[in-house]
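J.:
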Amino acid sequence: MVEVLLASEHYTNNSHHSALDDFRDLFDEFAEQSGIHYTKRNFRELETYISGLPVARYGLRYTDCEQFRQFLSGIKAQRYHLQYASVKCGAMTYSYCMAFACNPFDYTRLNSTPAA
C-alpha cells in the first residue's frame with residue numbers, strides 16, 4: 001500500500017471550500033491519467049491538523065508508487081493548495097515541500113510512531 005500525506009495551505013475549511021476537496025481532486029486527476037478508479041476499498045483517509053493546517057493521510061491500494069511520485073513531482077501545487085506532501089513506498093519516504101515556507105520536520109511526527 002502506498003501511504004500519502006498531504007498538507008493544505010488553507011487554514012480553515014468553510015462551506016464553500018475544503019482542503020479534502022482539493023486532495024480528492026488531486027487523486028481524481030492522477031486516477032484519470034493512470035487509467036485507474038479509486039473506490040472506498042482502495043482509498044483510506046484520515047484528517048488531522050498540524051499548526052492549524054489541515055493534513056490528511058491516505059492509504060492507496062493498487063497504486064504504482066513510482067507513477068504517483070512522478071505525478072506529484074509534475075503538478076502545480078497552487079492548483080491543489082498544497083503546502084507539503086510525502087509518499088511512502090515500502091521502506092522509502094519521499095518528501096515534497098510545495099511552498100516556500102515549508103518545514104518537512106513539522107510533518108515527520110505524523111509519519112513516525114511513538115516508542116512504547
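With full-length UniProt numbering, you'll find the sequence shown wraps up at 116, consecutive numbering, no jumps. Just so it is clear, CB atoms sit at the ideal spot from N, CA and C, and this is done for glycine as well.
When DSSP labels each residue in this structure, what does ALA77 get in the three-state scheme?
T.: Counted from its first residue, the sequence shown places residue 77 at position 77. Of the three classes helix, strand and coil, the one that applies to ALA77 here is helix, per DSSP.
J.: Go ahead and label TYR62 buried or exposed: buried means 16 or more other beta carbons lie within 10 angstroms of its beta carbon, across all protein chains shown.
T.: As a first step, residue 62 is located in the sequence shown; it is residue number 62 there, counting from the start. Exposed is the label assigned to TYR62, since fewer than 16 other Cβ atoms lie within 10 Å of its Cβ.
J.: Determine which residues share a DSSP beta bridge with ILE50 and list them.
T.: Position 50 of the sequence shown, counted from the start, is the residue given in the question as residue 50. According to DSSP, ILE50 bridges with LEU53.
J.: Can you give me the C-alpha to C-alpha distance between HIS10 and ASP28, rounded to a whole angstrom?
T.: Here the question's residue 10 lines up with position 10 in the sequence shown. Here the question's residue 28 lines up with position 28 in the sequence shown. C-alpha separation (whole angstroms): 20 Å.
J.: Could you name the residues of the same chain whose beta carbon sits closer than 8 Å to that of CYS102, not counting the 5 residues immediately before and after it, in chain order?
T.: As a working mapping, residue 102 is identified with position 102 in the sequence shown. GLN83, TYR84.
J.: Which residues in the same chain as MET1 place their Cβ atom closer than 6 Å to its Cβ, once the five residues preceding and following it in sequence are excluded?
T.: Translated into the one-based positions of the sequence shown, residue 1 becomes position 1. Answer for MET1: GLY59, ARG61, listed in chain order.
J.: How would you label TYR49, buried or exposed, when you count the other beta carbons within 10 angstroms and need 16 or more for buried?
T.: Locating residue 49 in the sequence shown gives position 49, where the first residue counts as 1. Flag for TYR49 reads exposed.
J.: Using the Cα positions of ASP22 and PHE100, report the straight-line distance between them to the nearest angstrom.
T.: As a first step, residue 22 is located in the sequence shown; it is residue number 22 there, counting from the start. As a first step, residue 100 is located in the sequence shown; it is residue number 100 there, counting from the start. Their backbone Cα atoms lie some 19 Å apart in a straight line.
J.: If we count the other Cβ atoms within 10 Å of its Cβ and call it buried at 16 or more, is ALA91 buried or exposed?
T.: Residue 91 sits at position 91 when you count from the first residue of the sequence shown. Exposed: under 16 other Cβ atoms inside 10 Å.
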